[in-house]
Each structure stands twice: as C-alpha cells, then as structure tokens.
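Q: Counting the sequence shown from 1 gives a position; the working numbering is that position plus 1. Before I ask anything, let me first share the structure, which is written out below as structure tokens.
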Amino acid sequence: MSLLFDIKRFSINDGPGIRTTLFMKGCPLHCVWCHNPEGISERATRLYNRKKCIGCASCVAACRQGVLRLTNEGVVAGDGCVLCGRCAEACPSKAMEMAGKEWKLEELMNVIEKERQVMTESGGGVTVCGGEPMMHPAYLVELLEEVGRRGFHRAVDTSLFAAWGNVRQVMACCELFLIDLKLMDSSLHSRYTGVRNETILENIALVSRAGHPYWIRIPLIVGVNADKENLQASARFLASLPTPPEVVNLLVYHDIGKGKHARMGTLYNPEHIPMQAPDEEEQKEAVALFEGYGLQVRIGG
2 MSLLFDIKRF SINDGPGIRT TLFMKGCPLH CVWCHNPEGI SERATRLYNR
52 KKCIGCASCV AACRQGVLRL TNEGVVAGDG CVLCGRCAEA CPSKAMEMAG
102 KEWKLEELMN VIEKERQVMT ESGGGVTVCG GEPMMHPAYL VELLEEVGRR
152 GFHRAVDTSL FAAWGNVRQV MACCELFLID LKLMDSSLHS RYTGVRNETI
202 LENIALVSRA GHPYWIRIPL IVGVNADKEN LQASARFLAS LPTPPEVVNL
252 LVYHDIGKGK HARMGTLYNP EHIPMQAPDE EEQKEAVALF EGYGLQVRIG
302 G
C-alpha cells in the first residue's frame with residue numbers, strides 16, 4: 002500500500018486524452034511555488050479551513066491525544082498530534098481534512114475501472130504524479146504493471162530526481178513520462194527547489210537516449226525562471242537531445258499553494274521571493290523562443 006493525497010477524475014492536463022490522475026505522497030523537492038504542498042511529506046498531512054468551520058468542536062472531542070482546542074480564531078492544534086485522522090472523520094463541515102490515505106492496489110483499480118469508457122474513447126489513461134512518485138519505486142512499478150495489464154495507457158509525472166536504476170525500471174512499465182524541468186542553472190535550482198539539478202538533467206538525457214516518449218513541463222514564473230537566459234538554456238538543452246520531447250508545456254505560474262499552506266498552518270514563500278505570472282506578450286515570446294529551436298510547444302497542458 003502507499004499513501005495518496007488525491008485522485009483526480011476526468012483530468013485533461015496530465016497527458017493525452019481524459020485521464021485519472023493519482024497523487025502520491027512524498028517529494029524530495031521543496032519548490033517555492035509548489036501548488037501541492039500537502040504532497041511533500043510522506044506522512045499524512047492535516048489541513049484546516051477556518052472559513053468552513055462551524056465551531057461545533059466535534060474534532061476536539063474526537064482527538065484522543067487532546068491536542069486540539071476551539072478558540073476564537075478557530076481550531077488550534079498543539080504538539081502531540083499523531084495524524085490519526087479522527088478529527089477529519091468527525092468534522093461535519095469538512096473544515097478539517099487529512100491529505101494522505103492508504104490505498105490497497107485493488108481499491109485503486111476499482112476507482113480507475115469506473116472511468117474505463119471515457120478514458121478509452123478519449124485516448125486517455127492513468128497518470129501517476131505527486132509529490133514525486135519515484136520516491137516509491139516498488140509500489141509505483143506494481144501499480145503501473147497492474148494498470149498496464151488492464152490495458153490502460155500509463156503516464157508518470159516526475160521531476161526525475163531519482164536513481165537511474167529506478168527511472169529505468171519505471172520507464173519499462175509506462176508509455177509516457179511527463180518531466181518537470183524547473184531551471185537550468187544548478188545553483189538557482191537549488192535555491193528555489195532545495196536540490197541541485199545534475200541528476201535531473203542526466204536522467205532526461207538518458208530517457209531521451211533510450212527513445213522513450215516524454216513531454217517536458219516548465220513552470221513559467223517571472224522572477225524565477227521566465228528570463229530569456231534560462232529559457233534559451235532550456236530550449237538549447239532540449240533541442241540538443243538525441244530524441245527531443247514530443248511537446249514542451251509551458252505552465253503559467255499561479256499561487257494556489259498559498260491557500261493550502263494557510264490550511265496546513267505553514268508559510269508560503271517564506272523568503273518573499275517576487276513571483277508572478279507572465280503576461281500574454283511574455284508567454285508569446287517564450288513560445289516563439291522554443292519554436293525557434295524546432296521544438297513543439299504550447300501554453301498549459
């Protein structure tokens with residue numbers, strides 16, 4: 002079994018066709034702009050939405066550790082939480098939620114099978130993302146093999162920050178990689194994500210050399226990586242590969258992670274790094290730049 006923090010049905014942005022996307026817990030990167038911060042920890046994560054809270058104190062009563070208190074500011078958690086999830090189970094308004102549930106393989110297959118017709122008719126399938134699914138290679142391979150046995154198209158959304166042996170094993174049981182490429186400068190990559198990028202770039206080159214289908218997904222963030230120098234370096238690198246990506250998706254920055262951090266009781270962008278979405282003209286310039294290197298590119302996806 003493995004912890005998942007979300008299952009998204011009818012997804013149209015995680016690979017070809019209409020897909021079911023599985024979000025696995027755990028990620029070795031800590032991107033400043035992360036829009037799924039609840040997926041970083043390998044453990045379950047508690048989220049609390051003050052706006053939904055009706056002040057009934059059901060969660061307080063359900064907490065066996067006695068670490069929850071109802072105050073004028075809503076429910077406050079002290080030390081000692083074991084993340085058992087009883088508070089979320091007791092909350093009638095869903096103000097308290099747990100991101101992270103153990104799923105047996107057969108349970109997941111039952112969910113996936115419900116969407117078989119729409120996925121098949123649209124040329125879609127199943128995408129596994131996170132977090133970083135490569136943090137759980139044994140379970141990921143088991144899952145992908147079962148999904149493949151049932152005839153579904155399989156995609157893995159990954160940063161490729163993983164041992165090549167694990168990447169190669171996963172590559173053998175999926176039809177497509179969706180690879181996140183953040184920054185080309187390794188020092189800047191470390192500043193904004195917490196890890197250097199040598200392993201990532203090397204693995205992208207190895208996947209390309211193997212001729213395995215892959216898409217590249219680049220978050221487009223003014224103030225971080227949308228400058229011409231980084232975009233040119235990214236395009237130059239991708240165009241130089243033995244097998245270029247089928248498509249480059251430029252993903253316009255948004256700050257949805259800010260609200261999630263608030264619900265987790267953590268701070269979004271603690272260093273107050275200036276970040277904003279590129280305007281339409283900047284997006285067009287980025288597209289033209291990548292197209293100038295002979296790459297297929299689109300905004301979003």
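The C-beta atom is built at its ideal place from N, Cα and C for all residues, glycine as well.
Give every residue of the same chain whose Cβ lies closer than 7 Å to the Cβ of I222, excluding the five residues on either side of it in the sequence, and list them in chain order.
A: W34, Y254 and M276
Q: Please give the ranges of any alpha helix (DSSP H) in the stretch 167 to 213, keeping only runs that are unbroken, at least 4 residues long and fully inside the region.
A: 187 to 194 and 199 to 211
Q: Could you pull the DSSP bridge partners for K9 from this structure?
A: T22
Q: With H, G and I counted as helix, E and B as strand and the rest as coil, what does DSSP make of T267?
A: coil
Q: Go through the stretch 89 to 152 residue by residue and report every complete run of the beta strand (DSSP E) that reaches 3 residues or more, in order.
A: 97 to 100, 102 to 104 and 126 to 130
Q: In this structure, does DSSP put P245 in helix, strand or coil?
A: coil
Q: Throw me the rounded Cβ distance for the M172 and G27 pair, which I believe falls under 8 Å.
A: Actually they do not touch by this definition, with Cβ atoms about 20 Å apart.
Q: Buried or exposed for T267, please, with buried defined as at least 16 other CB atoms from any protein chain shown within 10 angstroms of its CB.
A: Exposed, by the Cβ-count rule.
Q: What residue range is occupied by the uninterrupted alpha helix (DSSP H) comprising G293?
A: Element bounds for G293: E281 to G293.
Q: According to DSSP, what are the bridge partners of Y49?
A: M97
Q: With burial defined as no fewer than 16 other Cβ atoms inside 10 Å of the residue's Cβ, what is the status of H273: buried or exposed?
A: exposed
Q: Are H36 and G301 closer than 8 Å when you measure CB to CB?
A: no
Q: Where does P17 sit, in a helix, a strand or coil, going by DSSP?
A: coil
Q: What's the gap between the Cα of T159 and the Cα of K105?
A: For T159 and K105, the distance between alpha carbons rounds to 22 Å.
Q: Should the stretch 188 to 205 be regarded as contacting the stretch 3 to 10, the criterion being three or more beta carbon pairs within less than 8 Å?
A: no
Q: In the DSSP assignment, find the beta strand (DSSP E) that holds V76 and state where it starts and stops.
A: G75 to A78
Q: Excluding the five sequence neighbours on either side, which residues of its own chain have a C-beta within less than 6 Å of the C-beta of R150, listed in chain order?
A: none
Q: Just confirm the distance between the C-beta atoms of V307 and W216, as a whole number of angstroms; I'd bet it's less than 8 Å.
A: There is no way to answer for residue 307, as the model of the chain reaches only from 2 to 302.
Q: Could you give the DSSP three-state label for Q66: helix, strand or coil?
A: coil
Q: My assumption, with CB atoms under 8 Å, is that M97 sits in contact with C60. Please give the rounded CB distance.
A: 5 Å
Q: Is it a yes or a no for the stretch 110 to 125 touching the stretch 75 to 84, going by three-plus beta-carbon pairs under 8 Å?
A: no
Q: Suppose the cutoff is 6 Å on Cβ atoms and the five residues either side in sequence are ignored; what does the same chain contact list for L71 look like?
A: A58 and V61
Q: For P220, name the three-state secondary structure that DSSP assigns.
A: strand
Q: Considering only residues of the same chain and omitting the five flanking positions on each side of E147, which have a CB-CB separation below 7 Å?
A: Closer than 7 Å at Cβ, skipping near neighbours: L106 and M110.
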